[in-house]
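Asks:
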Amino acid sequence: MITSINDNNKDFFQMVFEVVKLIPSGRATSYGAIANYLGAKRSSRMVGWAMNTAHSNPEIPAHRVVNRNGLLTGKMHFQTLTLMQELLEKEGIIVKDDKIVNFKAVFWNPMEELA
DNA sequence: GCAGTGACGGATA
DNA sequence: GTATCCGCCACTG
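Here it is, written out as structure tokens:
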């Protein structure tokens, strides 16, 4: 459970980090899901923006965050283009053509898991 | 201060 | 199912 979500002292990107860090291995979520969980579903771009700053933080499993299509849109921001896919496959997530095949199965909804 | 841009999402055609 | 458009908020030039 994230207690800091309701803590307005933390910035938006900080809250995003908290959620992303709680994503279990072998699961993945979407920017929209996080944005929605944070009460800013209209600002899904902000989640992406937050992740942009997150790629510098080794504690943030950014590879588990993809867009609503399960597409690895941010793979280009990783150290290597294949790193994101490798990490996902390493966790049991099947990635094909830069997108998560069984995305629906591995989808991790913070609203349900953290509610 | 204005305009362009971005790891997106949803609605519409 | 694919293609476009718009909104969203923050950052950069």
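Just so we're aligned: the first sequence equals residues 1024 to 1138 in the numbering used here. Even for Gly, the Cβ is constructed at its ideal location relative to N, Cα and C. Keep in mind the model is a prediction, meaning the values are calculated, not measured.
1. With distances taken between CB atoms, is the gap from Ala1063 to Phe1040 smaller than 8 angstroms?
2. Run through the DSSP bridge pairs and tell me what Phe1130 is partnered with.
3. Helix, strand or coil for Ile1123, going by three-state DSSP, please let me know.
4. In this structure, how does DSSP classify Leu1111 when only helix, strand and coil are distinguished?
5. Within the continuous alpha helix (DSSP H) that includes Gln1102, where are the two ends?
Replies: Checking against the coordinates, here is how it stands:
1. No; because the gap between Cβ atoms is not below 8 angstroms, this pair is not in contact.
2. Beta-bridge pairing links Phe1130 to Ala1051.
3. If DSSP states are grouped into helix, strand and coil, Ile1123 belongs with the strands.
4. It is helical.
5. Gln1102 -> no alpha helix (DSSP H), and no H or E assigned at all.
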